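Residue numbers (the working numbering): 240 to 860.
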């Protein structure tokens, strides 16, 4: 149960699993993988009705769902399909799967170069999501604890926090940076398929489908013989499978090295390992961007040579000699995920045995590249505001940008210094370009009031508050809790609160008895509406059983309504009948049965008005 003082926790991914009753299956896959068992019948799970509908819901919630691939279709077209049509389509495609060509686009990178993205068709994205949902719990059970990119519940801030810990608490002041040349474009397909097999995924049909996805044709470039195209739904998971082997190999060199004696805690084991001749090293990885922390320069040199050789021999990957280097963190900054970090002396550390040692603490700030990128981005948005016909909309967009930057970079210890530089350069631009839009006061939304209400630097343009760029303070990033996991009861409790048991069971019944001839969008959204209304009638607040309710279109389809979430409402059956009733005797019958209050009748009349029906003027005695 949740106390009234507790914040309600909700993870969309886990809520969707509840809606489609798939969590138990995913937990089973995870636990079986933890026991190092193999999987030979995953195809049946991939093409199951629940998994396909879950994939549809996940993809439609993705911001990229309205982006087309090599054909003209987007999620807007798929929404019109019936539930039966989408299920039959996915199953038929997978019987003899051949991916549709991928559309290539290029987006600018931070260094001024262009990054190639491969955009699959919306149909292939749904199919890839079906596969990802089944493979992810198996892979999560085998992935290394300290890799953070493209994994559930993990973020760049967790990687930054781990770096801080190794630098400040573990006193590891030498870091090896390895830059893999064009990682996503050079993944060896044969090696990747062997790694998938080694994880216990032994279903030949699934491996065959993945192999075809990897070799998918890219328009204008032909069939690909290597690489995992960035932009695909499955690509991030596959890239983690490739580098997971590197994670565990580095772990085996020190932290995971077997010891003669079994230790009751990690601290005792770590102390024993430090007394050995093993080279101390720890990896922190976010996607293909990783750092290896070492105790001294000699170890760092050996690690750099060994990792370079291992990547070439085991994964067929080359490194960039210009970008790969060793950094002494006492003297120089090392850049990672938009920050630059080092350590500096701060007093003396005194141990329990009386021994003294210099104390070093982390000093971090935004990297120079990140500062320049933010300045350019904000200036571009200010220019957009200047020439926009709807400046208020663009000002709101500017606020979103600033708020997002604050949330990401506030883990830097000297973040204020970086943002004062940004503000100094951006405010000049704002003052010159937006002087005609400036007002003496205006409105603040809830986000600005809550997070920046105490600031005296808030300025107003077009009567709208603009977030002060330099109003930011450091928030030390929290370390990732290893127990957090989407596939264990204990792990889910840290990030997610379940629906009440009775509501959850009724939603599961709804999902199982849906009308397959209705659009997939309608069947999916009515579950969301039922959950949002806590299984109650929107008018009477009556607790509804599975066969007690109807899902009503506020604006009927014949009047231009659709199956969108905003146009649906869950009603008690008699209330729904009353809304559509036209005969006086029928209206009287339902009014007598329902005994509605004045407020309830007003709500009924609002819905009747949307249906172009006459309002009910009074409650009959």
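Every residue, glycine too, gets a C-beta built ideally from N, C-alpha and C.
These numbers come from a predicted model, not from an experiment.
Residue range of the alpha helix (DSSP H) that includes residue 623 = 607–626
Residue 565 and residue 546: beta carbons closer than 8 Å?
-> no
Where does residue 854 sit, in a helix, a strand or coil, going by DSSP?
-> coil
Could you name the residues of the same chain whose beta carbon sits closer than 7 Å to that of residue 644, not counting the 5 residues immediately before and after it, in chain order?
-> 613
Rounded Cβ spacing between residue 839 and residue 779 (contact assumed at less than 8 Å) = 6 Å
In the DSSP assignment, find the unbroken alpha helix (DSSP H) run with residue 807 in it and report its ends.
-> Per DSSP, residue 807 belongs to no alpha helix (DSSP H); it is in the beta strand (DSSP E), 807–811.
Proximity winner among 834, 817 and 823, relative to residue 845 (alpha-carbon distances) | 817
Where residue 735 falls: helix, strand or coil (DSSP) = coil
Using the rule of at least 16 other Cβ atoms within 10 Å of the residue's Cβ for burial, across every protein chain shown, is residue 363 buried or exposed?
-> buried
Three-state secondary structure assigned by DSSP to residue 427 = strand
Where does residue 304 sit, in a helix, a strand or coil, going by DSSP?
-> helix
Which parts of the stretch 658–697 are runs of the alpha helix (DSSP H), unbroken and 4 residues or longer, counting only runs that do not cross its ends?
-> 685–691
Helix, strand or coil for residue 251 per DSSP?
-> helix
Through-space distance from residue 680 to residue 475, alpha-carbon basis | 46 Å
Which listed residue (745, 728, 761 and 523) has its alpha carbon closest to that of residue 388 = 523
Between 284, 400, 691 and 294, which lies nearest to residue 648 when the distance is taken from Cα to Cα?
-> 400
Going by beta carbon distance, what residues of the same chain come within less than 7 Å of residue 496, once the five residues before and after it are set aside?
-> 512 and 517
Out of 685, 396 and 505, which has the shortest C-alpha to C-alpha gap to residue 714?
-> 396
Taking Cβ positions, are residue 756 and residue 323 nearer each other than 8 Å?
-> yes
Where the alpha helix (DSSP H) containing residue 761 begins and where it ends = 759–771
Could you check where the beta strand (DSSP E) with residue 643 kicks off and where it finishes?
-> Careful: residue 643 lies outside any beta strand (DSSP E), inside the alpha helix (DSSP H) at 630–648.
Where the beta strand (DSSP E) through residue 704 begins and ends | 703–705
Whole-Å CB distance - residue 577 paired with residue 619, under 8 Å assumed = At roughly 18 Å, the Cβ-Cβ gap does not stay under 8 Å, so residue 577 and residue 619 are not in contact.
Would you mind working out which of 676, 694, 701 and 690 sits nearest residue 910, comparing C-alpha positions?
-> Residue 910 is absent from the structure shown; the chain starts at 240 and stops at 860.
State the start and end residues of the unbroken beta strand (DSSP E) segment that holds residue 355.
-> 353–358
Inter-residue spacing [alpha-carbon to alpha-carbon] between residue 597 and residue 582 | 12 Å
Going by the beta-carbon positions, is the gap between residue 418 and residue 563 smaller than 8 Å?
-> yes
For residue 279 and residue 355, the rounded distance between their alpha carbons | 35 Å
Identify whether residue 700 lies in helix, strand or coil by the three-state DSSP scheme.
-> strand
Under 8 Å, do residue 555 and residue 430 count as touching if we go by C-beta distance?
-> yes
Would you call residue 240 buried or exposed, if buried means 16 or more other Cβ atoms sit within 10 Å of its Cβ?
-> The predicted model places residue 240 with a pLDDT of 34, which falls under 50 and marks its position as unreliable; any figure quoted below should be read in that light. Classification for residue 240: exposed.
What residue does the alpha helix (DSSP H) around residue 474 start on, and which one ends it?
-> 474–492
Segment contact flag, the stretch 289–296 with the stretch 759–768, C-beta cutoff 8 Å, min 3 pairs | yes
On the three-state DSSP scale, how would you describe residue 465?
-> strand
From this set, 300, 321, 673 and 442, which residue's C-alpha is nearest residue 767's C-alpha?
-> 300
How would you call residue 659, buried or exposed, if buried means at least 16 neighbouring beta carbons within 10 angstroms?
-> exposed
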